[in-house]
Structures are given as structure tokens and as C-alpha cells.
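Each number in the numbering used here corresponds to the 1-based position in the sequence shown with 19 added. Just below is one structure, and these are the notes that go with it.
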Amino acid sequence: MIYRGTTKTAFWLWIVATLFFGAFGFFLSYFFPFLNEIISAIFLILTTISGIYLPLLVKKTYCKIDGDKVYSQTGVIFARSTTINLNDVLYSSVCKTPLSSITGLNFIILNTFGGKTMLLFLSKDDCKEIR
Numbered sequence: 020m021i022y023r024g025t026t027k028t029a030f031w032l033w034i035v036a037t038l039f040f041g042a043f044g045f046f047l048s049y050f051f052p053f054l055n056e057i058i059s060a061i062f063l064i065l066t067t068i069s070g071i072y073l074p075l076l077v078k079k080t081y082c083k084i085d086g087d088k089v090y091s092q093t094g095v096i097f098a099r100s101t102t103i104n105l106n107d108v109l110y111s112s113v114c115k116t117p118l119s120s121i122t123g124l125n126f127i128i129l130n131t132f133g134g135k136t137m138l139l140f141l142s143k144d145d146c147k148e149i150r
């Protein structure tokens with residue numbers, strides 16, 4: 020079964036957060052003109068990350084469970100692929116955010132003998148099913 024990213028609600032929530040960052044940066048630069056360049060640079064970086072990079076990261080992230088193997092791929096510029104056997108998993112951890120049903124920011128960490136594999140940006144239902 021293939022699990023892809025979050026829901027469209029989470030995507031639109033990130034777009035609203037991006038607009039909020041931009042409006043907040045404009046508000047601060049309007050009332051504190053002596054910090055205009057610094058505030059503009061910080062909020063330009065935050066807006067770029069939250070408006071461009073995070074939606075692309077969510078779109079390019081997926082995991083696939085096929086029989087006794089777990090395939091995971093993530094990355095925007097450089098793709099990182101991971102394949103592990105389910106028999107090699109020592110234990111797993113589930114990380115949920117407070118608004119995980121809306122944002123889809125659920126993560127499963129699979130701890131193996133050689134390290135960790137993270138299954139990123141799962142919806143709430145997918146997280147329950149995998150666990």
C-alpha cells in the first residue's frame with residue numbers, strides 16, 4: 020500500500036500560514052521602520068520556506084509497505100530512498116502534533132539495528148493503519 024503526504028486541508032493551512040507570516044512581517048516593518056531590512060529578510064525566508072519548500076517536500080514524500088518491506092522516499096532537491104525489512108524493526112515510535120488531524124503532521128519512526136527510518140507527513144488514518 021502506498022501512503023502519500025497529507026490532505027489538501029493541510030496544504031491550504033500552510034498557504035494560510037504563509038500569508039500570515041507575510042502579513043505579520045509587513046505589520047512589524049510598518050511599526051518598526053528601523054528594523055525594516057532585518058525583518059523583511061527574516062520573513063522573506065520564512066515565507067519562502069513555508070510557501071514553497073514545505074508543500075514541495077510533502078508532495079515528494081511517500082512510503083510504501085509491500086509484504087515484509089517498507090520503502091520510503093523524501094526530498095525536494097536530493098531524493099533520499101530507504102528500504103528496510105519489517106523483521107529488522109526493533110521498535111517504532113509515533114509522533115503526533117496537537118492539530119494532527121487537520122495538519123497531517125504525523126510521523127512514524129522505525130528504529131532498526133543500523134539506525135532510524137522516518138515515515139513523514141502521514142495522515143491520521145494512515146498513521147493508525149501502519150501502526
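Note that beta-carbon positions come from the ideal geometry of N, C-alpha and C, so glycine has one too.
query	result
With the cut-off set at 8 Å, would you say Thr93 and Lys79 are in Cβ contact?	yes
Considering only DSSP beta bridges, list what Tyr110 is partnered with.	Asn130
Output the distance between the C-alpha atoms of Ser59 and Ile103, rounded to the nearest integer angstrom.	44 Å
Need the endpoints of the beta strand (DSSP E) that Leu141 sits in, please.	135 to 141
For Phe112 and Leu138, I'd like the C-alpha separation in whole angstroms.	It is worth fixing the name first, because residue 112 is Ser in this sequence and not Phe. Rounded to whole angstroms, Ser112 to Leu138 spans 10 Å at the Cα level.
So, with DSSP's three-state summary, where would you put Thr66?	helix
Can you give me the C-alpha to C-alpha distance between Asn55 and Tyr49, rounded to a whole angstrom?	8 Å
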